[in-house]
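Undergrad: Numbering (our numbering), first residue to last: 21 to 272.
Would you mind keeping the following structure in view while I ask a few things?
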Amino acid sequence: IRNDFFGETVTVAGLLTGVLAFGILAVLALYEEHTRGRALALGLAVGLTVLTDFTYALMLLVALAVLGLVHLRQTVQREMLLRLLQAGGLALVLSLPVLIPSAQDVRAGEYAAQPGLGGAQAYSADLLSWVVPYSRQPLWGSAFDATNASVTGGERVEFTGFVVLALAAVGLFAGGRRRWGWIALAAVFGLLSFGPGLHVNGSTGSAFSYDGFHFSVPMPFLLLEHIPGFRGFRAPARFGVVASLALIMLAA
């Protein structure tokens with residue numbers, strides 16, 4: 021699909037990241053009111069996300085876990101557990117057309133772990149990624165062409181705009197009761213976007229080494245490497261999709 025404003029071509033699957041947003045909206049709605057209809061809406065969103073893209077499905081599962089911890093008191097209630105089981109059951113049924121052949125591929129060794137973190141360190145957000153404008157930003161983006169080319173461009177772009185960042189900072193303190201879920205999502209997914217080790221202006225340091233990658237500040241993404249399904253997640257910067265969504269909601 022042609023995007024004339026940015027002069028780029030994007031895929032239909034890329035547009036379907038919206039399903040991920042609907043999944044987060046569905047679980048928040050379920051915590052507000054534990055109805056069967058909202059549970060089925062959550063299951064539908066999760067199932068469609070799996071059918072769309074495994075990457076977004078994994079991110080949605082992380083988001084559900086984060087929000088479950090934020091609302092832990094509700095999560096462990098019997099009624100809520102029943103609704104989550106209903107949602108999970110529907111999501112599983114919808115996902116079977118993809119999960120069955122994927123399981124067969126796993127058994128056949130098609131998804132063996134790639135060495136060197138699967139190249140994840142090369143597709144991780146830099147600390148500057150969150151504050152350096154995209155090159156095609158019409159006003160002053162061209163001033164950062166060199167930085168984007170070497171440090172913050174491509175998969176590593178996370179910038180949401182200075183106005184959004186400023187308003188999100190206000191939302192941290194003035195967002196009301198509902199802000200805590202968005203704060204947690206912004207923090208967790210923002211940290212995960214940095215990949216296995218913190219990148220600062222293209223440098224990671226060399227105090228530690230893991231799977232051939234040298235770094236000085238380890239990041240939470242390393243923990244995901246030990247969870248089935250996340251091994252070989254090649255582009256940690258994509259976690260920034262949810263972090264950006266959370267920042268936008270805090271700004272709103």
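C-beta: ideal position from N, C-alpha, C; glycine also.
#1: Along the chain, where does the alpha helix (DSSP H) containing Tyr51 start, and where does it finish?
#2: Assign Asp165 to one of three DSSP states: helix, strand, or coil.
#3: Once DSSP output is grouped into helix, strand and coil, what is the label at Ser213?
#4: Whole-angstrom Cβ separation of Ala140 and Pro216, contact assumed at under 8 Å?
#5: When the Cα atoms are used, what is the spatial distance from Leu212 to Arg98?
#6: Kindly indicate which residue of Ala77, Ala83, Leu101, Leu137 has the alpha-carbon position closest to the one of Asp231.
#7: Just to confirm, is the Cβ distance from Ala145 to Arg176 under 8 Å?
#8: To the nearest angstrom, report how far apart Met239 and Ala61 are at their CA atoms.
#9: Checking the sheet assignment: what are the DSSP bridge partners for Phe233?
#10: Using only alpha-carbon positions, find the residue among Ala194, Leu40, Tyr143 that is nearest to Thr172.
#11: Relative to the C-alpha of Trp160, which candidate in Arg93, His234, Gly181 has its C-alpha closest?
#12: Determine which residues share a DSSP beta bridge with Pro3 and list them.
#13: Are the beta-carbon atoms of Leu50 and Arg58 separated by less than 8 Å?
#14: Alpha carbon to alpha carbon, what distance is there between Ala263 and Val151?
#15: DSSP on Ser149, reduced to helix/strand/coil?
#16: Do Thr72 and Val261 have their beta-carbon atoms positioned less than 8 Å apart in this structure?
#17: Quick check on the burial criterion: 16 or more other C-beta atoms within 10 angstroms. Buried or exposed for Arg103?
#18: Short of 6 Å in beta carbon distance, which residues of its chain neighbour Arg198, apart from the five on each side in sequence? Order them along the chain.
#19: Can you tell me whether DSSP reads Ile21 as helix, strand or coil?
#20: How long is the line joining the alpha carbons of Leu105 and Leu92, rounded to whole angstroms?
#21: When burial is assigned at 16 or more other CB atoms within 10 Å of the CB, is His219 buried or exposed?
TA: Once the coordinates are examined:
#1: 38 to 52
#2: helix
#3: coil
#4: 6 Å
#5: 31 Å
#6: Leu137
#7: yes
#8: 33 Å
#9: Tyr230
#10: Tyr143
#11: Gly181
#12: In the structure displayed, the chain extends from 21 to 272; residue 3 sits before or after that span and is not available.
#13: yes
#14: 14 Å
#15: helix
#16: no
#17: buried
#18: none
#19: Per-residue confidence for Ile21 stands at a pLDDT of 41, beneath the threshold of 50, marking its modelled position as unreliable; no derived number is given.
#20: 16 Å
#21: buried
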